[in-house]
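Mapping of the sequence shown onto UniProt numbering: position 47 corresponds to residue 47, and the numbering continues sequentially without gaps. The C-beta atom is built at its ideal place from N, Cα and C for all residues, glycine as well. Every value quoted in this text rests on a predicted model; they were computed, and no experiment measured them. One structure is given below, encoded as structure tokens.
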Amino acid sequence: MNNNEQLPYASAICYSGYREGQNPREGIYPSYQQIKEDLLILQDDWCYLRLYDCGPHAQLVIDVINNENLNFKLMLGADIGAEQINPNCPWGAQYSAEELTRNAEANEEQINKLIEYANNYPDIIASVSIGNEASVDWTDHLVPVEKLVYYAQKVKDNVKQPVTFCENYVPWCEKLEPLVEVVDFISIHTYPAWEYKTIESALAYTIENYQSVANKYPHKQIVITEAGWTTRSNGRGIECWNASPELQAIYYQQLLTWSKENRITTFFFEAFDEPWKGSADSDEPEKHWGLFYVDRSPKLAMRSRA
Numbered sequence: 001m002n003n004n005e006q007l008p009y010a011s012a013i014c015y016s017g018y019r020e021g022q023n024p025r026e027g028i029y030p031s032y033q034q035i036k037e038d039l040l041i042l043q044d045d046w047c048y049l050r051l052y053d054c055g056p057h058a059q060l061v062i063d064v065i066n067n068e069n070l071n072f073k074l075m076l077g078a079d080i081g082a083e084q085i086n087p088n089c090p091w092g093a094q095y096s097a098e099e100l101t102r103n104a105e106a107n108e109e110q111i112n113k114l115i116e117y118a119n120n121y122p123d124i125i126a127s128v129s130i131g132n133e134a135s136v137d138w139t140d141h142l143v144p145v146e147k148l149v150y151y152a153q154k155v156k157d158n159v160k161q162p163v164t165f166c167e168n169y170v171p172w173c174e175k176l177e178p179l180v181e182v183v184d185f186i187s188i189h190t191y192p193a194w195e196y197k198t199i200e201s202a203l204a205y206t207i208e209n210y211q212s213v214a215n216k217y218p219h220k221q222i223v224i225t226e227a228g229w230t231t232r233s234n235g236r237g238i239e240c241w242n243a244s245p246e247l248q249a250i251y252y253q254q255l256l257t258w259s260k261e262n263r264i265t266t267f268f269f270e271a272f273d274e275p276w277k278g279s280a281d282s283d284e285p286e287k288h289w290g291l292f293y294v295d296r297s298p299k300l301a302m303r304s305r306a
């Protein structure tokens with residue numbers, strides 16, 4: 001479908017291996033054996049794994065792939081923090097000037113780490129992303145577009161892999177135009193459930209989101225780096241009735257079929273449930289996007305696959 005395929009088409013999934021009691025913000029990471037268990041579960045269905053940062057979790061994933069001779073290729077991301085305040089963030093994104101300065105310094109270090117990883121593991125890392133959802137209106141880690149352009153160009157100048165930025169589809173249509181010519185391919189996120197769509201219109205809405213970007217930039221490959229359906233909700237942002245394993249299974253199968261038919265690389269979000277995310281409420285929707293439960297048992301979408 002794309003005129004300029006920088007990232008070859010393959011099955012893809014987002015992977016964050018944190019289990020009960022583990023949390024990247026607290027520096028509590030999965031073990032080598034736990035990540036090995038995860039990757040053995042995922043190896044038969046997916047080729048690409050998307051990772052979100054260049055910390056200890058990423059190093060362990062790379063070590064497991066190396067040591068166990070697994071065939072995964074990675075999209076490795078940089079975890080960049082706020083470089084400006086964002087009054088539009090619903091849960092607050094106010095920072096002092098000192099905090100923003102420290103964040104900018106930490107972002108530079110993260111970008112340098114991304115470059116280091118890409119050059120150290122060229123056979124495993126297939127693509128790199130300079131960040132995640134750092135330009136959308138509601139983000140709590142807003143980074144100016146000109147700084148994103150700077151990071152993308154810096155990475156491009158120093159790695160051989162294609163470079164992207166992972167973001168909701170909306171900013172790509174206007175705000176991120178200056179970034180489009182710098183990145184090698186565009187990475188979009190689409191979540192019908194967060195936008196109050198029912199399963200009946202979900203796939204059509206995802207396709208509409210995709211086409212809104214693809215039609216504007218016909219010379220660029222568009223990859224979907226997040227699309228999924230949560231299986232539980234407390235009603236905050238997603239109605240309770242619109243979150244279930246049954247709905248996830250339907251959306252997953254529809255999305256998988258469409259992606260295959262059109263050869264659009266689509267990273268399903270997410271491999272495993274993530275209990276560390278969101279509020280303390282166990283029904284918080286952020287915790288339940290996995291195709292597998294946190295105990296690694298398969299949800300309906302995986303039990304019903306061919």
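Secondary structure at I125: strand, using DSSP grouped into helix, strand and coil. By alpha-carbon distance to N88, the top candidate from I125, D137 and E270 is D137. For L39, there is no enclosing beta strand (DSSP E); the enclosing alpha helix (DSSP H) covers residues Y32 to L42. By the Cβ neighbour-count rule, D38 is buried, with 16 or more other Cβ atoms within 10 Å of its own.
As the crow flies, the alpha-carbon of Q211 is around 31 angstroms from that of C54. Per DSSP, R50 is one residue of the beta strand (DSSP E) stretching across Y48 to L51. Segment contact: the stretch 184-192 against the stretch 8-16, fewer than three CB-CB distances shorter than 8 angstroms; contact not assigned. Burial is judged here by how many other beta carbons sit within 10 angstroms of a residue's own beta carbon; L49 has at least 16 and is buried. CA-to-CA, the gap between C14 and Q221 works out to about 19 angstroms.
Taking 7 angstroms as the cut-off, the Cβ atoms of A249 and T231 do not count as close. Residue burial annotation: L40 is exposed, with fewer than 16 other C-beta atoms found within 10 angstroms of its C-beta.
Inside the stretch 217-253, DSSP marks whole beta strand (DSSP E) runs of 3 or more residues at positions 222-227, from first to last along the chain. Assigned with DSSP and collapsed to three states, I264 falls in coil, not helix or strand.
Beta-bridge annotation (DSSP): L74 is paired with L49 and I125. Assignment of E105 by DSSP, reduced to helix, strand and coil, places it in the helix class. By DSSP's assignment, E167 forms a beta bridge with I188.
Each of E246, Q94 and T266 was checked against the Cα of L255, and the nearest Cα belongs to T266. Just so you know, the alpha carbons of P144 and A118 end up roughly 24 angstroms apart. Taken atom to atom, the span from the alpha-carbon of I65 to that of I85 is near 38 angstroms.
Taking the Cβ atoms as the reference, F292 lies roughly 5 angstroms from F272, within the contact range of under 8 angstroms.
With the rule of 3 Cβ pairs closer than 8 angstroms, the stretch 65-78 does not count as touching the stretch 281-291. Bridge pairing for F292: F272 and P298 [DSSP].
Excluding the 5 residues flanking it on each side, I124 has same chain C-beta neighbours closer than 8 angstroms at I62, I65, N66, F72, K73 and L74, in chain order. Annotation: the continuous alpha helix (DSSP H) that includes I207 extends over I199 to A214.
Taking a cut-off of 8 angstroms for Cβ pairs, the stretch 170-181 and the stretch 194-203 do not touch, as fewer than three such pairs fall below it. Here the alpha carbons of L60 and G235 stand approximately 35 angstroms from one another. Per DSSP, A58 is one residue of the alpha helix (DSSP H) stretching across P56 to N67.
Following the DSSP letters along the chain, one finds A12 inside the beta strand (DSSP E) bounded by residues A12 to C14. In the pairwise beta carbon analysis, the stretch 148-162 is classified as not touching the stretch 88-97: fewer than three pairs are separated by under 8 angstroms.
Residue pairing by DSSP places I28 opposite N23 in a beta bridge. Annotated as proximal: V159 and I115, with beta-carbon spacing under 7 angstroms.
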